[in-house]
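Position 41 of the sequence shown, counted from 1, bears residue number 37 in this note's numbering, the numbering being contiguous throughout.
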Amino acid sequence: MFIFVEKEELIKKLIREGYLKSEKVIDAMRSIPREIFVPKRQRKFAYEDIPLDIGHGQTISAPHMVAIMLEALNLDEKSKVLEIGTGTGYHACVASKIAKNGKIFTIERIKELAEKAKENFKNLKIKNIVSIIGDGSVGLPEYAPYTHIYVTCSSPSIPDVLIKQLDEGGKLLIPVGRIYGDLWLIEKKNGIVKKNLGGCAFVPMIGREGYNED
Ligand code: SAM
């Protein structure tokens, strides 16, 4: 009951602050319990608008960032989405509720996090997420093209290989920088249009098109 009230308060705050705008994103965020995606010791902070530690030096994104990204992506019921950086799966679950007749492919390089995410998808009975362990800095060419690709870790650049895996009319959302950077929206429509959506902070993308492990 307490958790339910806290979640509603967070949703109202995100609406008031202008991060949550559309009914589909609001309903999707309302339907996913963020507390199950964080370790037990962090549960009391689940409805604070902050990133939280999920182990392995990684974080679950702050709710306002999930809202900004999903509003910018504007997924529809049939979207075929690639998420790079599953973490424990929160953002993928929210996206899966919007793309309810579509599919979310999500790739994570840390096996333990990908396994925790799979457990969360199963517990929430979410069937339209395909979870993969691997280096997402090169995308996931075997299932391409995607209507939408979004990246939840900071990349040194906008990898061409990701633009290639977008459908015509598709959108790529990617933080560029090392931890602190800018969130870029790339649209593939009669060429490429790039828009800077503003500053953001994410853990670094590690991999072939990302940073080295150190
Ligand atoms: N989407 C997550 C959520 O719902 O909270 C956010 C996870 S965290 C901010 C970013 C994740 O990207 C980390 O779990 C990290 O291990 C992962 N990552 C970093 N580089 C990656 C790569 N090359 N391929 C796949 N995942 C990567």
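Idealized CB from N, CA, C, for every residue including glycine. Quick caveat, the model's predicted, so the values are computed rather than measured.
Segment contact: the stretch 164 to 173 against the stretch 110 to 124, fewer than three CB-CB distances shorter than 8 Å; contact not assigned. Setting aside the 5 residues that flank it on each side, Arg174 is surrounded in the same chain by Ser150, Pro152, Pro200, Tyr207, each with a C-beta closer than 8 Å to its C-beta; the list follows chain order.
DSSP places Tyr176 inside the beta strand (DSSP E), whose first and last residues are 176 to 184. Membership of Glu79 in any alpha helix (DSSP H) is not indicated; the residue belongs instead to the beta strand (DSSP E) covering 76 to 80.
By the neighbour-count definition (other C-beta atoms within 10 Å, threshold 16), Tyr176 is an exposed residue. Exclusion of the five residues before and after Glu73 leaves Ile94, Ala95, Lys96, Asn97, Gly98 as the residues of its chain whose Cβ lies within less than 8 Å of its Cβ. CA-CA distance, Ile46 to Thr82, rounds to 17 Å. Ranking Lys20, Asp23, Tyr86, Lys17 by CA distance to the CA of Ala42 puts Tyr86 first.
For Asp49, the uninterrupted beta strand (DSSP E) run begins and ends at 48 to 51, by DSSP.
With contacts defined as CB atoms closer than 9 Å, Thr55 and Leu78 fail to qualify as a contacting pair. Annotated as distal: Phe117 and Thr148, with beta-carbon spacing of 9 Å or more. Cβ-Cβ distances below 6 Å link Leu136 to Leu78, Phe101, Ile103 in the same chain, with the five nearest sequence neighbours on each side left out; the list follows chain order.
Taking Ile50 as reference, the option from Glu44, Pro35, Glu2 with the minimal CA-CA separation is Pro35. Just so you know, the alpha carbons of Ser27 and Val90 end up roughly 8 Å apart.
Assigned with DSSP and collapsed to three states, Tyr207 falls in strand. Cβ neighbours of Lys20 within its own chain (closer than 7 Å, five residues either side excluded): Ile94.
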